[in-house]
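Visitor: This structure is in structure tokens; I'll ask about it shortly.
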């Protein structure tokens, strides 16, 4: 049942006013890295807005990298549903994701 599931929402779990303190001595000491590599995560979902802004943020890309390295299932979710799911009828967001990835330059991403 859903009440037995555990969800981590990174923006709620990090002190947004003390990012340096939350980071630790290296990026691998960060809460992002510890949770994604801790063996408790079974799936990763990234929530996207219509402008696909998470793909312009280094932290989000770092989470995607760690997810891939851990071989965890990864999906994008939007207001229309989970991309690739039969109930998600919007193809516009899929094109927006593809366009964002096509021009993605990590060195131009914000925190």
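In the numbering used here, the protein residues as written are 143 to 253. Using N, Cα and C, we set each Cβ at its ideal position, and we do this for glycine too.
#1: Can you tell me where the beta strand (DSSP E) holding residue 220 begins and where it ends?
#2: Hey, would you say residue 196 sits closer than 8 Å to residue 187, going by beta carbons?
#3: Which class does residue 163 belong to by DSSP, given the choice of helix, strand or coil?
#4: So, does the segment 201 to 215 touch the segment 237 to 244, judging by three or more C-beta pairs under 8 Å?
#5: How should residue 154 be labelled, buried or exposed, when 16 other C-beta atoms within 10 angstroms of its C-beta is the threshold for buried?
#6: Please say whether residue 221 and residue 260 have beta carbons closer to each other than 8 Å?
#7: With distances taken Cα to Cα, identify the nearest neighbour of residue 184 among 147, 160, 219, 204.
#8: Please return the same chain residues whose Cβ sits closer than 8 Å to the Cβ of residue 253, not counting the five positions on each side in sequence.
#9: Taking 8 Å as the limit between beta carbons, can you name the residues of its chain near residue 248, skipping five residues before and five after?
Guide: A quick look at the data gives this:
#1: The sequence position of residue 220 within the chain shown is 78, counting from 1. Its beta strand (DSSP E) spans residues 216 to 220.
#2: Within the chain shown, numbered from 1, the residue matching residue 196 stands at position 54. Within the chain shown, numbered from 1, the residue matching residue 187 stands at position 45. No, Cβ-Cβ distance for residue 196 and residue 187 is not below 8 Å.
#3: Start at 1 with the first residue of the chain shown, and residue 163 comes out as number 21. Of the three classes helix, strand and coil, the one that applies to residue 163 here is helix, per DSSP.
#4: Taking one beta carbon from each stretch, the segment 201 to 215 and the segment 237 to 244 have fewer than 3 pairs nearer than 8 Å; the two do not touch.
#5: Translated into the one-based positions of the chain shown, residue 154 becomes position 12. Of the residues assessed, residue 154 falls on the exposed side of the cut-off, its CB having fewer than 16 other CB atoms within 10 angstroms.
#6: No information on residue 260 is available, as it lies outside the stretch 143 to 253 that the chain covers here.
#7: Taking the first residue of the chain shown as position 1, residue 184 is located at position 42. The residue with the shortest Cα to Cα distance from residue 184 is 147.
#8: Taking the chain shown and counting its residues from 1, one reaches residue 253 at position 111. Short of 8 Å from the beta carbon of residue 253, and not among the five residues preceding or following it, lie these beta carbons of its own chain, in chain order: 161, 199, 200, 201.
#9: Numbered from 1 along the chain shown, position 106 holds the residue referred to as residue 248. These residues qualify, in order along the chain: 200, 203.
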